[in-house]
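Asks:
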Amino acid sequence: MTHPASTTPAGRAPGRSQAGPHPLGGSADVPVGRGADITEAATSRFVTIEEGGQPLRLHYNDCGTGDETVVMLHGSGPGASGWANFNRNVEPLVEAGYRVVLLDCPGWSRSDTIVNTGSRSALNARALKGLMDALGIAKAHVIGNSMGAHSAVAFALEHPTRVGKLVLMGGGTGGTSPFVPMPTEGIKLIGALYRQPTIENLKRMMSVFVYDTGSLTDALYQARLDNMLARREHLENFVKSSEANPKQFPDVGHRLGEISAPTLVIWGRDDRFVPLDVGLRLVAGLQDAELHVFSRCGHWAQWEHAQKFNRMVRAFLAD
-5 MTHPASTTPA GRAPGRSQAG PHPLGGSADV PVGRGADITE AATSRFVTIE EGGQPLRLHY
55 NDCGTGDETV VMLHGSGPGA SGWANFNRNV EPLVEAGYRV VLLDCPGWSR SDTIVNTGSR
115 SALNARALKG LMDALGIAKA HVIGNSMGAH SAVAFALEHP TRVGKLVLMG GGTGGTSPFV
175 PMPTEGIKLI GALYRQPTIE NLKRMMSVFV YDTGSLTDAL YQARLDNMLA RREHLENFVK
235 SSEANPKQFP DVGHRLGEIS APTLVIWGRD DRFVPLDVGL RLVAGLQDAE LHVFSRCGHW
295 AQWEHAQKFN RMVRAFLAD
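Under my numbering, think of the first position of the sequence shown as -5, with each following residue one higher.
1) Going by DSSP in three states, N81 sits in which element: helix, strand or coil?
2) Could you give the uninterrupted runs of the alpha helix (DSSP H) lying entirely in the stretch 218 to 269, keeping only those of 4 residues or more?
3) Contact check, L151 vs T257 under 8 Å by CB: the rounded distance?
4) Measuring straight from C-alpha to C-alpha, what distance separates K133 and D98?
5) How far does the beta strand (DSSP E) with G158 in it extend, from its first residue to its last?
6) Give the straight-line distance between the Cα atoms of A128 and Q216, rounded to the nearest whole angstrom.
7) Just verifying my parser: in three-state terms, what is the DSSP assignment at P86?
8) From what residue to what residue does the beta strand (DSSP E) around D31 run?
9) For I181, which residues of its own chain have a beta-carbon under 7 Å away from its beta-carbon, when the five flanking residues on both sides are left out?
10) Looking only at DSSP bridge pairs, what is R93 linked to?
11) Where does the unbroken alpha helix (DSSP H) through V109 begin, and where does it stop?
12) To test your reading of the DSSP string, which unbroken beta strand (DSSP E) runs of 3 or more residues are found completely within the stretch 105 to 155?
13) For Q190, which of helix, strand or coil comes out of DSSP?
14) Bridge partners for G283 per DSSP, in chain order?
15) Check the C-beta distance from G112 over to F232 and give it rounded, since I have them as a contact under 8 Å.
16) Given this structure, state the Cα-to-Cα distance separating P17 from R189, to the nearest angstrom.
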């Protein structure tokens, strides 16, 4: 459910018109199209939906004007956002003719903060439905990384007719690994970072987040730290949520067979957050899934191997 006139820009940007009829129905700002200035600032937008009987303001980025829409859902690390997770992937998809929408999930970036005592996968799925309803998007391909993959699966289970294809990276709640002690090394470090958001803890977490730590610059660390500290209430509420319900992302392995959407599962061989065998369980459970494993890759396949990832996803969506 959405509130009337609930979509608003975060500042008028080049390539945008004033609010009016949306090319896919509904009322919203026209997204930045091909050839326009595709930047975070130029594509930044807000929408207010209803969650638990209360208004919930969500931030999103809206790029491209294609007939088909790709929604991208980020992971759960402190300071994460749609743009931070997928900035290396947006332009190739827009150039391929897609409208690309990046959702900042409730409790991250510029979206409203929230204490969640139920399934966060389900919460994010409801947020995605609310966003799609507000923008008049009847159906979309959904790409999710880590928590975003968990949320994409939850959305596909609850709203199967609104999903085109799925791309899942490093998540999907196919269950835990029987081969690696739980929680994994990476998940422990995320928990420590939420409780003590320091540059030292951020570097410890990022050191196992990607395979090649040489790709991590001081500017990247600082940007992530700034994002974290800009919304301390997000950090505090994530900790409160986890304490109230440690199983924020429930195992839905027993329901994977209900999902018929063609699915591309992408994993890093060296993922120290969600082990590779969890990806194998997804492929075994989903009706129509294929798997690609990147060697020398951690938990951030779309960033660590961006060029190959972009080619692969474009080919998969076009097939």
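Where is the CB? At the ideal position from N, CA and C, for every residue including glycine.
Replies: Inspection of the coordinates gives the following:
1) coil
2) 226 to 238
3) Wrong, their Cβ atoms sit about 13 Å apart, outside the cutoff.
4) 19 Å
5) V157 to M163
6) 34 Å
7) helix
8) Element bounds for D31: n/a, residue is neither H nor E.
9) F267
10) T63
11) Here V109 belongs to no alpha helix (DSSP H), and DSSP marks it neither H nor E.
12) 134 to 139
13) coil
14) The identity of residue 283 in the sequence shown is Ala, whereas the question assumes Gly. For A283, which the question treats as bridged, DSSP gives the partners T257.
15) Contact flag wrong, Cβ pair sits at about 14 Å.
16) Low local confidence applies: a pLDDT of 26 at P17 is under 50, so the model's placement there is unreliable, with the coordinate-based value given in what follows. Between P17 and R189, the C-alpha separation is close to 43 Å.
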